[in-house]
Amino acid sequence: MPATPDGPILAFDVGSRRIGIAIGHPLGGGARALRTLTSDDWDGIDALVADWQPQALVVGLPLALDGAEQPMSRRAREFARALEKRYARPVHLADERGTSQEAARRFAHHRAAGAARRSDAAELDALAAAVILDQWLASSQ
Numbered sequence: 003m004p005a006t007p008d009g010p011i012l013a014f015d016v017g018s019r020r021i022g023i024a025i026g027h028p029l030g031g032g033a034r035a036l037r038t039l040t041s042d043d044w045d046g047i048d049a050l051v052a053d054w055q056p057q058a059l060v061v062g063l064p065l066a067l068d069g070a071e072q073p074m075s076r077r078a079r080e081f082a083r084a085l086e087k088r089y090a091r092p093v094h095l096a097d098e099r100g101t102s103q104e105a106a107r108r109f110a111h112h113r114a115a116g117a118a119r120r121s122d123a124a125e126l127d128a129l130a131a132a133v134i135l136d137q138w139l140a141s142s143q
C-alpha cells in the first residue's frame, strides 16, 4: 500500500448524477463532508482542488457484496483516471461497500440531535464521501 499523504486529502463518492466530496487530513482526526456537485461539474471540482490543495485524492469504488466489480465500478475507475490526469496527484481507489448505510446512519443521528434537517439530505453523498475517506485513512495507518 502506498504511503499515506501527510497533507489534505479530497475524497469522492461518485454517482450517476451526483458526486459527494469530503476533505480530511491524516493527522486531523477524520474527514468532513464538503459538498455535493452534479457529476459533470468540473468547475466546482477545480475550485475545491484550488482551495484545499490536496496532496492526494480518494475515489470510492462501488463493489458488489462479494467484492465483484459492477457497472458503477467502471464509472468510478474512469472518474479516478480523469482526476489523476487533470490534477497530477496520486489517486487511490477505496472499497466503498457499506459506506452509504453508514452515511445514512450518521445523517439520522445528526437529525435526531437537531444538527441536520430533512432538506440537508441532498448532502448525503458528501457524507458518504467522508465515510469513504475515514475508512481509507483508518486502513492506511
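The sequence shown runs 3 to 143 under my numbering.
In this text, a Cβ means the ideal position worked out from N, Cα and C, and glycines have one as well.
In the same chain as Gly-9, and ignoring 5 residues on each side of it, the C-beta atoms closer than 6 Å to its own belong to Gln-57, in chain order.
For Gly-26, the enclosing beta strand (DSSP E) begins and ends at 20-27. The alpha-carbon separation between Ile-47 and Ser-141 amounts to approximately 25 Å.
Contact annotation: Asp-97 and Ala-33 have beta-carbon atoms that are not nearer than 7 Å. At the C-beta level, Leu-59 and Arg-99 stay beyond 7 Å of one another. Within the same chain, Cβ atoms closer than 6 Å to the Cβ of Tyr-89 are found at Val-51, the five residues on either side in sequence being excluded.
Taking every protein chain shown into account, the CB of Ala-130 has 16 or more other CB atoms within 10 angstroms, so this residue is buried. In the assembly as shown, Leu-29 is an exposed residue. Its beta-carbon has fewer than 16 other beta-carbons within 10 Å. Your pair Ala-24 and Ala-128 checks out as a contact, with CB atoms roughly 6 Å apart and the cut at 8 Å. The beta-bridge partner set that DSSP reports for Glu-71 consists of Leu-65.
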